[in-house]
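Presented below is the structure to which this report refers.
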Amino acid sequence: MNNLRSIDLNLLVVLDALLAERHISRTAQRLNMSQPAVSHALARLRQLLDDPLLIREQGRMVPTLRALELATPLAEAMGRIRAVLVPTGFDPESRHIFHLCLSDYGSGLLLPPLMRHLRRTAPGIQLVITQKSRQGMIAAVVDGEIDMALGVFSDLPPQIERQVLFTDDYACLLDPSGQPQPYVGLTADRYWAAPHVLVAVHGQAPTELDLSLRRHRKARHIALILPHWSVAPQVITGTDLILTVARRCLDDISGLQITAPPIDLPAIPFSAISHTRRRADPAMRWLSQQVSVCVDASVVKADLVPQTP
């Protein structure tokens with residue numbers, strides 16, 4: 001490598017952003033540069049490091065092995081430099097784009113209070129929301145496609161950090177008029193015999209609920225698989241279907257009953273996950289704080305309908 005004095009250290013700023021965004025236009029927006037300027041910087045970096053760094057594959061920019069080796073130490077070094085040069089941290093009045101990944105459940109709980117908060121305090125902030133399966137979220141955080149994912153996660157790779165924001169409980173939604181009569185309440189036998197609605201982004205992938213149910217060594221009969229939480233309650237009306245979801249997904253729906261599951265199920269930890277290489281990033285620390293504040297406010301103020309015993 002060339003002598004340090006001959007290197008334009010601004011190129012490292014561009015490289016750090018490129019490895020995080022993996023997209024020329026998003027990097028340009030993040031750094032307030034033109035796309036040609038970012039492309040030119042990437043060309044210089046490739047020459048300097050004698051490596052293509054990012055290769056376009058199927059419409060995406062995929063990092064090379066050399067780039068992956070550089071990503072974490074570079075992000076940590078840039079974070080320390082920013083902490084020295086900008087001790088006050090992230091400026092919420094700046095223009096900045098955050099890429100988040102949430103389910104319908106997380107979006108419904110978090111986005112309304114978060115957007116109200118950001119429009120009052122940081123109107124220059126833009127959020128880009130995507131939805132993926134649980135494993136897709138983890139992979140997107142590892143690959144740097146997104147800044148943060150929020151959801152329910154079990155096993156995580158060592159380079160991912162978890163912040164548990166709150167816990168929820170499972171609840172069952174059903175139409176009493178559609179159940180086998182006489183209906184006197186949801187029993188364990190009826191739960192296992194009933195047809196169920198399964199909410200899963202990818203129908204064949206096991207959900208957290210599926211993993212929890214395996215302890216009972218029984219299988220539910222799944223009559224319908226849906227990718228969206230929001231539409232699921234609508235298909236319950238007038239049927240014998242049962243929907244088991246996180247309690248905070250459910251509103252008081254006329255004619256339907258919300259009841260506690262008749263079998264033992266664990267609490268649901270709702271978490272925010274991010275990559276360890278972003279630990280020293282003031283922008284990420286600021287975002288985590290805003291998410292925590294808004295989730296706390298949403299959870300505390302939520303007007304939850306009491307569950308039927």
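At position 63 of the sequence shown (counting the first as 1) the number is 63 in the UniProt record's numbering, and the numbers step up by one without a gap.
All C-beta atoms in this analysis are idealised placements derived from N, C-alpha and C, irrespective of residue type, glycine included.
Quantities reported herein were computed from a predicted structural model and do not represent experimental measurements.
Would residue i be called buried (16 or more neighbouring beta carbons within 10 Å of its own) or exposed?
i, result
"D175", "buried"
"V199", "buried"
"T207", "buried"
"I7", "exposed"
"M1", "For M1, the pLDDT reaches just 46, beneath the cut-off of 50, and the residue's location in the model is therefore unreliable, leaving the point undetermined."
"D303", "In this prediction, D303 has a pLDDT of 40, which is less than 50 and means its spatial position is unreliable; nothing more can be read from the coordinates."
"V14", "buried"
"L9", "exposed"
"H221", "exposed"
"A232", "buried"
"S288", "buried"
"I225", "exposed"
"A20", "buried"
"V295", "buried"
"H40", "exposed"
"P266", "exposed"
"P112", "exposed"
Identify, in the order they occur along the chain, each residue of the same chain with its Cβ nearer than 8 Å to the Cβ of residue i, setting aside the five sequence neighbours on each side.
i, result
"R76", "The sequence shown places Glu at residue 76, rather than the Arg named in the question. These residues qualify, in order along the chain: R277, R279 and A280."
"R22", "L54, R60, M61, V62, P63, D143, G144 and E145"
"P157", "I138 and V142"
"E161", "I273, S274, H275, T276 and R279"
Can you name, in chain order, every residue of its own chain whose Cβ lies under 6 Å from the Cβ of residue i, other than the five neighbours on each side?
i, result
"D104", "H228, W229 and S230"
"V38", "I24, T27 and A28"
"P95", "In the sequence under discussion, the amino acid at residue 95 is Arg, which differs from the Pro named in the question. The residues are G124."
"F90", "P282, A283 and W286"
"R247", "D168, D169 and A171"
"residue 314", "Only positions 1 to 309 of the chain appear in the structure, and residue 314 is not among them; the question remains open."
"P262", "L186, T187, A188 and Y191"
"T237", "D175"
"L12", "none"
"Y183", "P176"
Can you tell me which residues form a DSSP beta bridge with residue i?
i, result
"A246", "Y170"
"R56", "M61"
"residue 310", "Here the chain comprises residues numbered 1 to 309, so residue 310 is not present and cannot be evaluated."
"V199", "L226"
"E145", "None, per the DSSP bridge assignment."
"Q257", "L174"
"residue 348", "There is simply no residue 348 to check, as the chain begins at 1 and stops at 309 in what is shown."
"H221", "P195"
"T130", "C101"
Whose C-beta lies closer than 7 Å to the C-beta of residue i among residues of the same chain, with five residues either side of it excluded?
i, result
"L18", "T27, L42 and L54"
"C249", "Y105 and W229"
"D264", "none"
"D16", "L74, A75 and M78"
"S254", "none"
"A140", "C101, K132, I146 and A149"
Under the assumption that residue i contacts residue j (Cβ atoms under 8 Å), give the Cβ distance between them as a whole number of angstroms.
i, j, result
"T244", "Y170", "6 Å"
"M148", "A272", "6 Å"
"I258", "H196", "The pair is not a contact, with the Cβ atoms about 16 Å apart (cut-off 8 Å)."
"L165", "S292", "6 Å"
"R30", "I129", "Not a contact, Cβ separation roughly 17 Å."
Fully enclosed by the region 62-128, which beta strand (DSSP E) runs are 3 residues long or longer?
96-102
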